[in-house]
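Taking the numbering used here, the leading residue of the sequence shown gets 855, the next gets one more, and so forth.
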Amino acid sequence: MENLTDRSMQRFDLLQASSKVIRNLAERRQNKEANRRLALQFGQEYFDGPREQGYGGYRYDGRWRAVAQRAIEYFGLRPNDRILDIGCAKGFFVKDLIDTLPGIQAYGLDISEYALTHSHPDTKGRLYRGSCDALPHPDGFFAAAFAINTIHNLDHAGCLRALREIERVAPGRGFVQVDAYRNDEELQIFEDWVLTARTYCKPEEWLTLFEEAGYTGAYYWTILEVDSNLIREIGSSALTR
Ligand SMILES: C[S@@+](CC[C@H](N)C(=O)[O-])C[C@H]1O[C@@H](n2cnc3c(N)ncnc32)[C@H](O)[C@@H]1O
855 MENLTDRSMQ RFDLLQASSK VIRNLAERRQ NKEANRRLAL QFGQEYFDGP REQGYGGYRY
915 DGRWRAVAQR AIEYFGLRPN DRILDIGCAK GFFVKDLIDT LPGIQAYGLD ISEYALTHSH
975 PDTKGRLYRG SCDALPHPDG FFAAAFAINT IHNLDHAGCL RALREIERVA PGRGFVQVDA
1035 YRNDEELQIF EDWVLTARTY CKPEEWLTLF EEAGYTGAYY WTILEVDSNL IREIGSSALT
1095 R
């Protein structure tokens, strides 16, 4: 396998998602605190309830296939390599990885009992419950570990713990995507839209946090930007959230 450890801290748009227009900011602003409390339980409401409370219905539609292909190429993954999707939700990325690279030992971990019990049937036996800041694996266990829009749900100290854990189980071979903003306007939109993130900051502040944690893997941002009066979610997960 290609040695990526010398590529430390590489920005990489793994999801390469086309931007998505956010339409219901006004609805999200209503009852924001109540919706936020519900969303933070990562239960039925967050995954399969109304859009104001989260995904608005999280169903498999194969959109992670392209991400799986890119991940396999980027990390030079081969059959029998072990990988972990941290914050795997219903296991859609794990499913598309095992379909794209037969023989890969792909696993997923998530805090949500609801997501795990409603996961894709093809991921049976591959997903387990746990928290990204305390991974139950030995050092260097994985050929790659992904945490896509997951660690920012923890506070600053939790993010540091999670980054250290990712680095520990997959040294130099992590991929982390987190919520970020570049200016006050993006911050305002972000605060109106976001439900679960506890840590969001400017890209350069995330880089400082990565360094503090000793994280040397790859990373990318999820940013809400204003473009011709439309609010676009860029670099985001391939599925709605
Ligand atoms: C925005 S979703 C992202 C899911 C998927 N990675 C994606 O990009 O579509 C955040 C996920 O992180 C999970 N999560 C939240 N806190 C977590 C924690 N402490 N440890 C592991 N997973 C967590 C949630 O249950 C949810 O599945």
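Don't be surprised by glycine CBs; every beta carbon is placed ideally from N, CA and C.
Asked                                                                                                           : Found
Cys986: CB within 6 Å of a non-hydrogen atom of ligand 1                                                        : yes
Residue from Ala1072, Glu1079 and Gly1026 whose Cα sits closest to the Cα of Ala1034                            : Glu1079
Bridge partners - Ala920, DSSP secondary structure assignment                                                   : None; Ala920 has no bridge partner.
Ala999: CB within 6 Å of a non-hydrogen atom of ligand 1                                                        : no
For His974 and Arg919, the rounded distance between their alpha carbons                                         : 14 Å
Closer than 6 Å: Thr1004 CB and nearest ligand 3 heavy atom                                                     : This structure lacks ligand 3; its bound ligands are ligand 1.
Ala943: CB within 6 Å of a non-hydrogen atom of ligand 1                                                        : yes
Run of the alpha helix (DSSP H) containing Glu1045, from where it starts to where it stops                      : Asp1038 to Trp1047
DSSP three-state assignment for Cys986, whether helix, strand or coil                                           : coil
The region 932 to 951 touching the region 876 to 889, judged by at least three CB pairs closer than 8 Å         : no
Identity of the residue in Leu1049, Glu1045 and Ala1072 nearest Gly1026 by Cα                                   : Ala1072
Straight-line gap, Arg917 to Gln870 (C-alpha atoms, nearest Å)                                                  : 11 Å
Among Cys986, Asp987, Thr1062 and Leu970, nearest to Arg980 - alpha-carbon criterion                            : Leu970
Counted within 10 angstroms of its Cβ, other Cβ atoms place Asn857 as buried (16 or more) or exposed            : Here the model assigns Asn857 a pLDDT of 44, short of 50, so the residue's position is not dependable and the matter cannot be decided.
Cα-Cα separation, Thr1094 to Asn934                                                                             : Interpretation of Thr1094 is limited by its pLDDT of 40, a score under 50 that renders its predicted location unreliable; the figure taken from the coordinates is listed afterwards. When rounded, the distance between both Cα atoms is 31 Å.
Stretch pair the region 899 to 908 + the region 978 to 995: three plus CB contacts closer than 8 Å              : no
Segment contact, 8 Å Cβ cut-off, at least three pairs: the region 929 to 944 with the region 984 to 1002        : yes
Phe896: CB within 6 Å of a non-hydrogen atom of ligand 1                                                        : yes
Distance, Trp1060 Cα to Thr859 Cα                                                                               : Residue confidence is low: Thr859 scores 45 on pLDDT, short of 50, so the model does not pin down where it sits. Its coordinate-derived value is still stated next. Straight-line Cα distance between these residues: approximately 20 Å.
Beta-ladder partner(s) of Leu963, from DSSP                                                                     : Ile940 and Tyr982
Cβ contact check for the region 1036 to 1051 and the region 881 to 895: 3 or more pairs under 8 Å               : yes
Exposed unless 16 or more other CB atoms sit within 10 angstroms - verdict on Ala1092                           : At Ala1092 the pLDDT is 42, less than 50, meaning the model places this residue with poor confidence; the figure from the coordinates comes in the next sentence. That one is buried.
Other residues of its chain near Met855: CB distance less than 6 Å, five sequence neighbours each side excluded : Any answer about Met855 is weak, because its pLDDT of 39 lies below 50 and its placement is not dependable; what the coordinates show is given next. So the list reads Gly930, once near-sequence residues are dropped.
beta-carbon Asn1007 near ligand 1 non-hydrogen atom, thresh 6 Å                                                 : yes
Straight-line gap, Ala1085 to Glu1021 (C-alpha atoms, nearest Å)                                                : The sequence shown places Ile at residue 1085, rather than the Ala named in the question. Roughly 34 Å separates the two Cα atoms.
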